[in-house]
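In the numbering used here, the protein residues as written are -3 to 160.
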């Protein structure tokens, strides 16, 4: 048996005997509270083994502007609704939002959103007639993609794999 003395005045005031007896088994294996030891720091696995100064890194074959332009255009064309809009405009030559909504089976706000993105990238042009906006494809989407990818095409022509 282990004798435990209560701590604090509130407990002592309510118990007639100030010492309580607790069986020894109840306290076995209990250690006083301590903070757990910290493990030794491990090296990061994903860190590069060597570092380069800014001017030591190799130059990229494309400028940031060329990369951003190509990525922006390809992201624009990576949406099914926008591809369908371009296809419909190529088929009809010109169309208004209401007509596109009916053909696409989508709401006016959704179609207008996609049209605004395409217009912002100069893929389509708009003309206003009364209360309606009419849209048409500004240039060939194929030409636009080829222009955006031209730096990569030029690089590929100089590689041995380009002949295949």
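Glycine included, C-beta positions come from ideal geometry on N, C-alpha and C.
Asked, Found
"Let me know the secondary structure DSSP gives residue 121 once reduced to three states.", "strand"
"For residue 97, which residues from the same chain have a beta carbon less than 6 Å from its beta carbon, with the 5 sequence-adjacent residues on both sides left out?", "104, 107"
"When burial is assigned at 16 or more other CB atoms within 10 Å of the CB, is residue 110 buried or exposed?", "buried"
"Once you ignore the five residues that flank residue 141 on each side, which residues in its own chain have a CB closer than 8 Å to its CB?", "69, 70, 73"
"Would you please state the rounded distance, in angstroms, between the beta carbons of residue 120 and residue 84? I believe it to be under 8 Å.", "With 8 Å as the limit, residue 120 and residue 84 do not qualify as a contact, their Cβ atoms being about 11 Å apart."
"Is it the case that the Cβ atoms of residue 90 and residue 132 are separated by a distance below 8 Å?", "yes"
"Could you name the residues of the same chain whose beta carbon sits closer than 8 Å to that of residue 65, not counting the 5 residues immediately before and after it, in chain order?", "144"
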